[in-house]
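So the structure is just underneath, and the comments pick up after that.
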Amino acid sequence: MPELPEVETTRRGIEPAVVGRAVTRVVVRDPRLRWRVPAALTKELPGRVIGAVARRGKYLLLHTATGAVILHLGMSGSLRVVRCSDPPGKYDHVDIALDSGDCLRLRDPRRFGAVLWTRDHARHRLLARLGVEPLGPEFTGDYLFRATRGRRRAIRDFLLDGSVVAGIGNIYANEALFAAGIRPTRRAGRLDRDQCLRLARAIRATLKKAIQAGGTTLRDFRNGRGEPGRFQRALRVYGRGGEACRACGRPIRALRLGQRSAFFCPRCQQ
DNA sequence: CTCCGATCCTGATGGC
DNA sequence: TGCCATCAGGATCGGA
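The UniProt record's numbering puts the first residue of the first sequence at 1, with every later residue one more than the last.
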C-alpha cells in the first residue's frame, strides 16, 4: 500500500536498471488490474528505449520517445527488477523485459494497481487532475491555507485528496498531523494560517524522512531490489492505538474517520 | 462544487 | 482446525 515515499523509493530503486535500456518484450499474465492492461502496451512498447523514470504523486512514469507507461501500485503492488529467467509467482501479473536481460516485474495480489500506456501523459485523465507535489515548490503553507478555505471535511480526509496534494496516504497524513500538533478530525477550513504553515512543513519533513528511510513496510512493501523499508520504526501514531505517545506518554487514540482508521495523541494534538 | 459511501480484490488476523 | 467477520498503505465513481 505504497504512498509517495514508497513510490519514490521504488523509482530510485529501478531507475539505474531501466534508464537507457530498450524494451524487448511485454508479458501480461493477467490484464485484470484496476483498469484492464491495454493491448497498446504490448504492441507499442517493445523496441522503445526508456529515457527516464519519473514520479507524479503515487504514479510512476516510464518515458519513451513515443509515449509513456503509467504505473500505479494500488494497495498491494510492488515493482522489482529481476532476471527474466526468474520464474514468476502467482501475483506477478506484468513483466517488462529489457535488453539487459533484466525484467521489470509488477506483483499485485489485490490487483488495485494499474499499468497503462499513453502517448500524451500531460493530458492523461489520471494525471491531469492531480494536485501539487507535496515536495515541490508550489506546496506551501499559503497554498494549503487557500486550498482549505470553505472546506468542512476533516483535515485527514482533505490531505488524502490527490486533486489538492498528490501522494499523501493514510500513514503520512496521520504522521504529519501529529508532527504539526493538529487532530485528524479537525475541519480543514478551521485551520488558521499558522497551522497551515506548520502542517505544510510537517508534511514535507515527514515525507523526506520516510524517503531517506526507504519507505514504510507494514506488511508487503519492497523496494526495487526486494528489500523492506525502515520508516515503520519511526512511526509515532499510525498503527499505535492504545500505546504510549512517544512525546508525552498518554495513550494514542484510534478512531474511524470515514472508512479508514485515524490515530492521534489527545494531548499533543489539538 | 463538496462530501460521503460503495466498490474493486486477496490475504492476514483475531474471536469463537 | 475451521469458519466468519473485520481490516489493510488507494482512489474512482455515482449520488445526495
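Think of the CB as a built atom: it goes at the ideal place given N, C-alpha and C, for glycine as much as any other residue.
message: Please return the same chain residues whose Cβ sits closer than 8 Å to the Cβ of residue 274, not counting the five positions on each side in sequence.
response: Past the edges of the chain, shown from 1 to 270, lies residue 274, and the structure says nothing about it.
Check: When you compare only the Cα positions, how much space is there between residue 126 and residue 107?
Finding: Indexing the first sequence from 1 puts residue 126 at position 126. Indexing the first sequence from 1 puts residue 107 at position 107. Each residue's alpha carbon lies about 21 Å from the other.
Practice item. Just mark residue 95 as buried or exposed, buried being the case when its beta carbon has 16 or more other beta carbons within 10 Å. Key: As a first step, residue 95 must be located in the first sequence, where it is residue number 95. Per the 10 Å Cβ criterion, buried.
(Q) What does the alpha-carbon distance come out to for the pair residue 264 and residue 252? (A) For this step, residue 264 is matched to residue 264 along the first sequence. For this step, residue 252 is matched to residue 252 along the first sequence. Those two C-alpha atoms are separated by around 6 Å.
Q. If you run the structure through DSSP and keep just helix, strand and coil, what is residue 177?
A. Here residue 177 refers to the residue found at position 177 of the first sequence. If DSSP states are grouped into helix, strand and coil, residue 177 belongs with the helices.
Task: Inside the segment 72-156 only - alpha helix (DSSP H) runs reaching at least 4 residues - done: For the segment 72-156, the full-length alpha helix (DSSP H) segments reaching 4 residues or more read 125-128 and 141-148 along the chain.
Review point. Rounded C-beta distance between residue 144 and residue 200? I'm assuming under 8 Å.
Key: Within the first sequence, numbered from 1, the residue matching residue 144 stands at position 144. Within the first sequence, numbered from 1, the residue matching residue 200 stands at position 200. Right, the Cβ-Cβ distance comes to about 5 Å (below 8 Å), so this counts as a contact.
Span separating the alpha-carbon of residue 69 from that of residue 244:
Indexing the first sequence from 1 puts residue 69 at position 69. Indexing the first sequence from 1 puts residue 244 at position 244. So the two alpha carbons sit approximately 44 Å from each other.
Name the one or two DSSP bridge partners that residue 250 has.
Start at 1 with the first residue of the first sequence, and residue 250 comes out as number 250. Looking at the DSSP assignment, residue 250 forms no beta bridge with any residue, so it has no partner.
Proximity of residue 45 and residue 27 at Cβ, strictly below 9 Å
Indexing the first sequence from 1 puts residue 45 at position 45. Indexing the first sequence from 1 puts residue 27 at position 27. Taking 9 Å as the Cβ cut-off, residue 45 and residue 27 do not qualify as a contacting pair.
Handout entry: Touching by the beta-carbon criterion (3+ pairs, under 8 Å), the segment 255-270 and the segment 36-53
Key = Verdict: no, contact absent.
- Task: Return the chain-ordered list of same chain residues with a C-beta closer than 6 Å to the C-beta of residue 30, the five sequence neighbours on each side being excluded.
- Result: Start at 1 with the first residue of the first sequence, and residue 30 comes out as number 30. Excluding residues within five positions, the ones whose Cβ falls inside 6 Å are 93.
- prompt: Can at least three beta-carbon pairs, one atom from the segment 116-132 and one from the segment 187-197, be found at a separation below 8 Å?
  reply: no
task: Could you tell me which residues DSSP puts in a beta bridge with residue 263?
output: The residue given as residue 263 occupies position 263 in the first sequence. BP columns for residue 263 point to 254.
If distances are taken between C-alpha atoms only, which option among 111, 238, 180 and 134 comes closest to residue 90? In the first sequence, counting from the first residue as 1, residue 90 sits at position 90. Residue 111 is the option with its Cα nearest to residue 90.
In or out: residue 163 buried (at least 16 other Cβ within 10 Å) or exposed?
Start at 1 with the first residue of the first sequence, and residue 163 comes out as number 163. Residue 163 comes out exposed.
Count the other CB atoms, across all protein chains shown, that sit within 10 Å of the CB of residue 248; report buried if there are 16 or more and exposed otherwise. Taking the first sequence and counting its residues from 1, one reaches residue 248 at position 248. Counting Cβ neighbours within 10 Å, residue 248 comes out exposed, since fewer than 16 surround it.
Quiz item: Where residue 178 and residue 198 are concerned, what is the direct C-alpha to C-alpha distance, given to the nearest angstrom?
Solution: Your numbering for residue 178 matches position 178 in the first sequence. Your numbering for residue 198 matches position 198 in the first sequence. Distance between the alpha carbons of residue 178 and residue 198: 11 Å.
request  = Tell me the start and end of each unbroken alpha helix (DSSP H) in the segment 23-75 that is at least 4 residues and wholly inside, in chain order.
outcome  = 39-44
**Report entry** Sequence-distant residues of its chain with Cβ nearer than 8 Å to residue 246 (five each side left out)
**Finding:** Position 246 of the first sequence, counted from the first residue, corresponds to residue 246. Excluding residues within five positions, the ones whose Cβ falls inside 8 Å are 236.
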